[in-house]
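Visitor: Residues 390 to 603 in this note's numbering are what the sequence shown lists, from first letter to last.
Mind looking over this structure? Questions follow.
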Amino acid sequence: PVVQQLQTFCSEELGGFYLGVLKDRLYTAARTSPARRSAQTALALIRDEMLKFMAPVLSFTAEEAWRTIHPQDASVFVHTWRKEIPDLGLTPEFVAKWDIIRAYRAELLKKLEEAREAGEIGSSLQAEADIIAPPGQYEALTSLGDDLRFVFITSAARVTQGTERLIHVTRSAQRKCERCWHYRADVGSDAMHAGLCGRCVANLFGPGEPRAFA
390 PVVQQLQTFC SEELGGFYLG VLKDRLYTAA RTSPARRSAQ TALALIRDEM
440 LKFMAPVLSF TAEEAWRTIH PQDASVFVHT WRKEIPDLGL TPEFVAKWDI
490 IRAYRAELLK KLEEAREAGE IGSSLQAEAD IIAPPGQYEA LTSLGDDLRF
540 VFITSAARVT QGTERLIHVT RSAQRKCERC WHYRADVGSD AMHAGLCGRC
590 VANLFGPGEP RAFA
């Protein structure tokens, strides 16, 4: 059961969700921005704890990885569980909100795949998502603000409130940013960097973009 849970966590929670969402922050956010640095910190915490979980059943692999990452440190087998991780605020309400968001994301991914198979889009970033959500679900989705598009890995995500639940995917009519590959209306708005969108200009030459959730 332990090996199966580790495999499921790596393939579904990390590979199927978290790492996909995180890539944009790691690749495009300002190098020393809180958004990028917090992502790196979270990944380091996950990595170290994963190796401790793996150690009893994948001993040599865990030890080799630990020694590579921490060459001056002791063996993974002499370490205990981390105790200083702060309260992450994982209340039932918080978990319920993300259950809603991830359910919409799963449904949207199916729509994106259908559009891809039909030749309407190439990558998911070539798409824009329009969503109608009933009360409760609407509040969960809009609580992320503009960061929702990063969770969905689309160039835009618009949400309106209604009585039914609908997801519509369209091909973006905007230009593609040469750096982040998002299709945005403000690509070329800076004459000095004609191929970049506004947030990439801010991340490279300005104060950086605001990111709060994703």
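Quick reminder that beta carbons are idealized off the backbone N, C-alpha and C, glycines included.
1) Going by CA-CA distance only, name the one from Ala433, Ser578, Gln515 that's closest to Ser544.
2) Smallest Cα separation from Met443: which of Ala428, Ser422, His468, Arg426?
3) I'd like to know whether the C-beta atoms of Leu585 and Arg600 end up nearer to each other than 8 Å.
4) Considering only the alpha carbon of each residue, which of Ser578, Ala591, Val446 lies closest to Pro390?
5) Report the rounded CA-to-CA distance for Thr421 versus Glu553, giving the unit in angstroms.
6) Rounded to a whole number of angstroms, what is the C-alpha to C-alpha distance between Thr531 and Leu537?
7) Which residue wins for smallest C-alpha separation from Gln550, given the options Pro523, Ala529, Arg573?
8) Start and end of the alpha helix (DSSP H) containing Gln550?
9) Who pairs with Arg564 in a beta bridge, going by DSSP?
10) Can you give the Cα-Cα distance for Phe449 and Trp487, rounded to whole angstroms?
11) If you run the structure through DSSP and keep just helix, strand and coil, what is Val558?
12) I need the straight-line Cα distance from Ala583 to Ala463, nearest angstrom please.
13) Going by beta carbon distance, what residues of the same chain come within less than 6 Å of Thr559, once the five residues before and after it are set aside?
14) Alpha carbon to alpha carbon, how far is Val410 from Pro423? Give it in angstroms, no decimals.
15) Can you have a look at Phe594 and say buried or exposed, based on whether 16 or more other CB atoms are within 10 angstroms of its CB?
16) Nearest to Trp570 by alpha carbon, out of Tyr416, Leu395, Thr430?
Guide: Let me lay it out:
1) Counted from its first residue, the sequence shown places residue 544 at position 155. Comparing Cα positions, the closest option is Gln515.
2) Translated into the one-based positions of the sequence shown, residue 443 becomes position 54. Cα-wise, what sits closest to Met443 is His468.
3) Position 196 of the sequence shown, counting from 1, holds the residue named residue 585. Position 211 of the sequence shown, counting from 1, holds the residue named residue 600. No, these two residues do not count as a Cβ contact at 8 Å.
4) As a first step, residue 390 must be located in the sequence shown, where it is residue number 1. Considering only alpha carbons, the answer is Val446.
5) Residue numbering aside, residue 421 sits at position 32 when the sequence shown is read from its first letter. Residue numbering aside, residue 553 sits at position 164 when the sequence shown is read from its first letter. Roughly 42 Å separates the two Cα atoms.
6) Locating residue 531 in the sequence shown gives position 142, counting from the first residue. Locating residue 537 in the sequence shown gives position 148, counting from the first residue. Those two C-alpha atoms are separated by around 8 Å.
7) Taking the first residue of the sequence shown as 1, we reach residue 550 at position 161. Nearest to Gln550 by alpha-carbon distance, out of Pro523, Ala529, Arg573, is Pro523.
8) Stepping through the sequence shown from its first residue, residue 550 is reached at position 161. Element bounds for Gln550: not the alpha helix (DSSP H) but the beta strand (DSSP E), 545-550.
9) Walking along the sequence shown from the start, residue 564 turns up at place 175. In the DSSP output, where bridge partners are listed per residue, Arg564 has Arg573.
10) Stepping through the sequence shown from its first residue, residue 449 is reached at position 60. Stepping through the sequence shown from its first residue, residue 487 is reached at position 98. Using only the alpha carbons, I get a separation of about 36 Å.
11) As a first step, residue 558 must be located in the sequence shown, where it is residue number 169. Note: Val558 maps to strand in three-state DSSP.
12) Position 194 of the sequence shown holds residue 583. Position 74 of the sequence shown holds residue 463. Going by the C-alpha atoms only, they are around 51 Å apart.
13) Along the sequence shown, read from residue 1 onward, the residue named residue 559 stands at position 170. Around Thr559: Glu517.
14) By 1-based counting over the sequence shown, the position of residue 423 is 34. By 1-based counting over the sequence shown, the position of residue 410 is 21. Counting only the Cα atoms, Val410 lies some 16 Å from Pro423.
15) Position 205 of the sequence shown, counting from 1, holds the residue named residue 594. With fewer than 16 Cβ atoms within 10 Å of its Cβ, Phe594 is classed as exposed.
16) Position 181 of the sequence shown, counted from the start, is the residue given in the question as residue 570. Residue Tyr416 is the option with its Cα nearest to Trp570.
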